[in-house]
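Protein chains in written order, with the working numbering: chain A, 1 to 253; chain B, 254 to 506; chain C, 507 to 816; chain D, 817 to 1126.
Accompanying notes for the structure given below.
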Ligand SMILES: Cc1cc2nc3c(=O)[nH]c(=O)nc-3n(C[C@H](O)[C@H](O)[C@H](O)COP(=O)(O)OP(=O)(O)OC[C@H]3O[C@@H](n4cnc5c(N)ncnc54)[C@H](O)[C@@H]3O)c2cc1C
Ligand SMILES: Cc1cc2nc3c(=O)[nH]c(=O)nc-3n(C[C@H](O)[C@H](O)[C@H](O)COP(=O)(O)OP(=O)(O)OC[C@H]3O[C@@H](n4cnc5c(N)ncnc54)[C@H](O)[C@@H]3O)c2cc1C
Ligand SMILES: Cc1cc2nc3c(=O)[nH]c(=O)nc-3n(C[C@H](O)[C@H](O)[C@H](O)COP(=O)(O)O)c2cc1C
Ligand SMILES: Cc1cc2nc3c(=O)[nH]c(=O)nc-3n(C[C@H](O)[C@H](O)[C@H](O)COP(=O)(O)O)c2cc1C
Ligand code: FES
Ligand code: FES
């Protein structure tokens, strides 16, 4: 883990209030798994850093792609950073999806809203291993959707939107019963209610979930980001033990 | 008095840590006297506004020139503003030099360091009225000096620096005994110790001094910027009763 | 959306007013907007005699805040009645007089004189910047109750007592002044603070300590209002770091019935008017349909928010 | 410039250390720099048994600061002694254990166990985020004196008592723990605060209130240290909003002998090391020739700064 002023190579909007940010720097070389995140100091208008998942990365070019949605002051301020400026980044943080340990035939990826990004590089790596991928993506509305084409290149994709403006109207979880029969494992990221619904519907399958919580340090020192766990230790820190956990490891509220 | 987002037309360094900032906007039209100031909100990194004197202005072009020296966080942040950006300005504030009421033959201007700027437009207006001007300018060192040529176009100029790198070595007040015999009135701006020395040495002449104090509101409402006065009222607010006072009006600490 | 509301002595057309000491007696701000737009105006502190206040510097900047030690400079209660209130009275807004003093007698004298000319009093027992008296009244519940009772007795209008945050137990203070007959509370005054300049090696403020205000103290204000709202049945005028319409909503949710804006007037002299203009839209954004629904809305026993709290 | 200094139990090679709860037990920061560079390390609070702490969210952002309500999550004193202190002991720096508890017995038990393994204790009687016990110890001088005396009795190493700023009279608290036998003071802990989210209409922090830290509270910390320095003859470890070398100097001028850095570690994990590196140059800029000259330098009775204050 490093603190580095990374250079902004690209920065543009890709969906409603949603931005794609490409950063270059040495931190990229330390990435070990898809699903890790970086902790960004946006500027002097915010106090705490903001965690954002690494959606994709390129070792050779030392670049990483972040996709973020404007949710408040920090992400709002972030939109004003221009190409060529540098950004105070701490990372890569935490443990991602243990792609090396996966040797299934067919896996299911389930992403909701701004939980979709960390699944993208995961999908690429799984596909490279020859694993078949089915992806369920859920968004509020057609205007909020992104990465559709990219996931379609990697496997079958089913989309749902809350208002039915794209794909099926409803929740991403509505697709699960139709696809679960053929898959060996699932990987999911999204709002906690979705993670809970997914892990309940797929309770009989092994799965990995990526979680969110408000962070202080982002490196495991402050215990802001804990989630209760089922073992004797009693907790996990999302920033360093996670953000990716085996579904059965943690207690979803 | 207005609050306005003024446009930065020029911004460059003119001496060590000293900058020239040209702003355009409607506030210029409200200027009534040389020696008034504007109260600038530099950005979100500072809380209070920063008072800066109007050094010169042009009614037609709606421009004003500020000269400022980097003294701390606010002025430091100000240096990073670029031409074309807009700046949150409140002004024009206070009362300046009552140039309309002056009808002397020969006046003395005495400026110390970053107290020099407000005397410049004053000098131009006095000169335009046909009044002879002698100017004493004092700086730390040759590297800190500015506006020399400009004042020389308007009358005789005597310069001193603390280290002797330009003009006479010593204080601006060292010149006073040599020039005081011929002048009818004086106008001065600079650090309080200088104002006090000047007003004591020239106690027998009418004079105007421009003062500084830490400000809250800058518009007369908070009573942060008071200076004791000799009359029954007992005080003056620098931001609205001043910053320019008759030398005998106020009590210099 | 209807923003109006009645509080003891006050018909507020909206819940926003400038805080004491940050608006003088209104004249300077009247050049920026029509003061009739304000819910009310809280005037600068009045004392029995004119006061010059503390030495300068009187203000210092801090992280998202400021320190001040003005020292209650004011022309004295008589001059305020003669020279300042007539101007403010030309506007269609409620006037609240901030009453200060060093002794119970002085508080009573000022209250008795000024209360005939205003809609309510804000009893300032919390100024951290004057040596004599002020501080103890604001930190000792018994003294606070006593001075409140006497001022309430002397006043023709309802008395809001302004509480100091520099106490171990804010609820005790609030209960004490409630017992003393306060019609409402005003909270919070400034937190006592200091800044030292490494260049001069001295406190920046001539008075050494000053009162900390601004966004920096908002979490303390919100916490204290939230605490007091649960324990004391008086309407609260909330203050401490209000800078946006969202901040107003946060104060009301905590339990304030209205808010006062202090230091932010120095950053933007139009702030009160701008927030008043923005408030309806901000309330709608968060799905509120009335001001009453917001007040105390962060409390579990939500039902209380509906009842009349005066 | 010589930055080293002896304080009771501590040989500080410089006056900078991470604050309790913001550095865990050092492991996470050891990947960023060599912990031997630190003046000392103050460990996360230890309680008798392991504690899970409060619900989440446990942190919220505020203006130039943050709220936290971790709730003293820690593995318990035995696990800390076995699993954490051995790692920290590999570094050439002093170790201070932060001792917490709900009862005098728990404080004494933790102190007795852990004091054999560290250089000093920081007695935490000021955690605002646990319901039982903690708060009263930190706000009632008699209870504070009592728990201090018993912990001092039980401890093999000097005890620094960490004071809460949420009190009317910080000097009374400092004098009480001085009487109880404290070897030093540590101040300040966090100011109790709250933030409410207008979207959810609820406090952001699950525990409702949290402790306010960061630059926002620095003026309160400086004021309290300045006050206490004049009245109590104990060395002070100062904290609350330190973010720069200039801040360190401001704390020392106010009267602190050393400083601890808390929340700023979250903004920049290298902050302690960077400030230590910058300090000599900053001291020179302001014309200081030794650390001793800075300590208490803002006080008129400057002579006191020279004497050994332990
Ligand atoms: C491991 C992890 C990975 C994430 N990856 C992404 C991503 O790839 N793209 C993306 O758009 N968002 C992602 N998020 C969510 C993102 O961190 C928040 O949307 C962001 O912090 C909001 O900041 P703000 O200033 O805009 O909002 P504000 O509400 O103003 O933020 C206030 C505070 O709350 C925290 N906060 C608010 N929402 C969240 C949240 N959902 N999770 C954690 N902290 C929060 C902020 O960090 C900040 O400290 C991720 C969160 C985590 C924990
Ligand atoms: C009426 C008036 C006219 C001025 N005109 C000019 C000018 O034309 N050019 C110029 O360079 N400077 C001028 N000054 C001084 C200028 O305001 C300060 O140098 C500036 O505020 C310093 O801000 P800072 O953030 O750089 O310093 P910091 O020390 O970081 O400022 C901290 C706080 O102290 C205040 N402060 C610090 N020094 C002064 C000072 N000398 N006077 C008033 N407040 C101060 C700041 O405004 C701020 O609130 C003038 C001051 C006044 C009162
Ligand atoms: C410069 C200044 C002067 C003040 N004078 C008074 C006063 O005379 N009486 C009073 O009750 N409060 C006074 N206050 C406190 C404010 O009314 C208010 O309670 C406090 O500043 C918190 O609000 P804010 O953060 O919006 O400024 C003063 C505050 C400032 C900044
Ligand atoms: C996340 C967090 C956890 C903390 N935990 C403790 C603790 O366990 N024990 C303690 O005495 N203080 C604790 N504190 C208080 C800090 O040690 C420090 O006193 C306070 O944060 C002020 O310093 P700062 O402004 O530099 O953060 C904690 C502070 C934070 C922000
Ligand atoms: S954010 Fe500090 S431990 Fe996870
Ligand atoms: S700065 Fe407020 S009265 Fe002058």
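Glycine included, every Cβ here is placed at the ideal spot set by N, Cα and C.
Is any beta-carbon of chain B found at less than 8 Å from that of residue i?
i	result
residue 526(C)	no
residue 522(C)	no
May I ask whether a heavy atom of ligand 4 can be found less than 7 Å away from the beta carbon of residue i?
i	result
residue 833(D)	no
Between the alpha carbons of residue i and residue j, how many angstroms are there, rounded?
i	j	result
residue 897(D)	residue 933(D)	7 Å
residue 885(D)	residue 1021(D)	7 Å
residue 295(B)	residue 770(C)	15 Å
residue 823(D)	residue 1051(D)	7 Å
residue 127(A)	residue 92(A)	23 Å
residue 519(C)	residue 690(C)	18 Å
residue 460(B)	residue 392(B)	21 Å
residue 878(D)	residue 365(B)	42 Å
residue 995(D)	residue 1038(D)	23 Å
I'd like to confirm something about residue i: is its beta-carbon nearer than 7 Å to some heavy atom of ligand 3, or not?
i	result
residue 680(C)	no
residue 748(C)	yes
Got a sec: is the Cβ-Cβ distance from residue i to anything in chain C below 8 Å?
i	result
residue 476(B)	yes
residue 301(B)	yes
residue 420(B)	no
residue 324(B)	no
residue 472(B)	yes
residue 465(B)	no
Could you tell me whether the Cβ of residue i comes closer than 8 Å to any Cβ of chain D?
i	result
residue 236(A)	no
residue 87(A)	no
residue 216(A)	yes
residue 728(C)	yes
residue 735(C)	no
residue 812(C)	With a pLDDT of only 37 at residue 812(C), under 50, the local geometry of the prediction cannot be trusted, and no value is derived from it.
residue 185(A)	no
residue 114(A)	no
Just tell me which of the options has its CA closest to the CA of residue i.
i	options	result
residue 521(C)	527(C), 511(C), 529(C) and 528(C)	511(C)
residue 264(B)	396(B), 335(B) and 327(B)	335(B)
residue 330(B)	313(B), 303(B), 283(B) and 319(B)	303(B)
residue 265(A)	851(D), 846(D) and 875(D)	Since the first residue of chain A shown is 1 and the last is 253, residue 265(A) is not available in this structure.
I want to check one thing, is the minimum distance from the CB of residue i to the heavy atoms of ligand 2 below 7 Å?
i	result
residue 367(B)	yes
residue 1066(D)	no
Consider the Cβ of residue i: report whether some Cβ of chain A lies at a distance smaller than 8 Å.
i	result
residue 1017(D)	no
residue 1126(D)	Note on residue 1126(D): pLDDT 34, under 50, position unreliable in the model; the coordinate value appears next. Not closer than 8 Å to any Cβ of chain A, the Cβ of residue 1126(D) fails to qualify, so no.
At the 8 Å Cβ level, is residue i part of the contact set with chain E, yes or no?
i	result
residue 29(A)	Absent from the structure: chain E. Protein chains present are A, B, C and D.
Under 7 Å from any heavy atom of ligand 1, does the C-beta of residue i make it?
i	result
residue 543(C)	no
residue 74(A)	yes
residue 214(A)	yes
Any heavy atom of ligand 5 within a distance shorter than 7 Å of the CB on residue i?
i	result
residue 50(A)	no
Using a Cβ-based criterion (distance less than 7 Å to any ligand heavy atom), does residue i qualify as near ligand 6?
i	result
residue 549(C)	no
Report yes or no: do three or more beta-carbon pairs, one from the stretch 612-631 of chain C and one from the stretch 648-666 of chain C, lie closer than 8 Å? Enough Cβ pairs lie closer than 8 Å, so yes.
Contact between the stretch 488-499 of chain B and the stretch 586-605 of chain C: three or more CB pairs below 8 Å? Too few Cβ pairs lie closer than 8 Å, so no.
The stretch 397-404 of chain B / the stretch 264-276 of chain B touching (three or more Cβ pairs under 8 Å): With contact defined as three or more Cβ pairs closer than 8 Å, the stretch 397-404 of chain B and the stretch 264-276 of chain B are in contact.
So, does the stretch 181-201 of chain A touch the stretch 244-253 of chain A, judging by three or more C-beta pairs under 8 Å? A contact exists between the stretch 181-201 of chain A and the stretch 244-253 of chain A.
Quick one: any contact between the stretch 1003-1014 of chain D and the stretch 975-991 of chain D, if contact means 3 or more CB pairs under 8 Å? Judged by Cβ distances under 8 Å, the stretch 1003-1014 of chain D makes contact with the stretch 975-991 of chain D, as three or more pairs qualify.
The stretch 871-883 of chain D contacting the stretch 60-68 of chain A, beta-carbon criterion three pairs below 8 Å: Cβ pair count under 8 Å is below three, so no.
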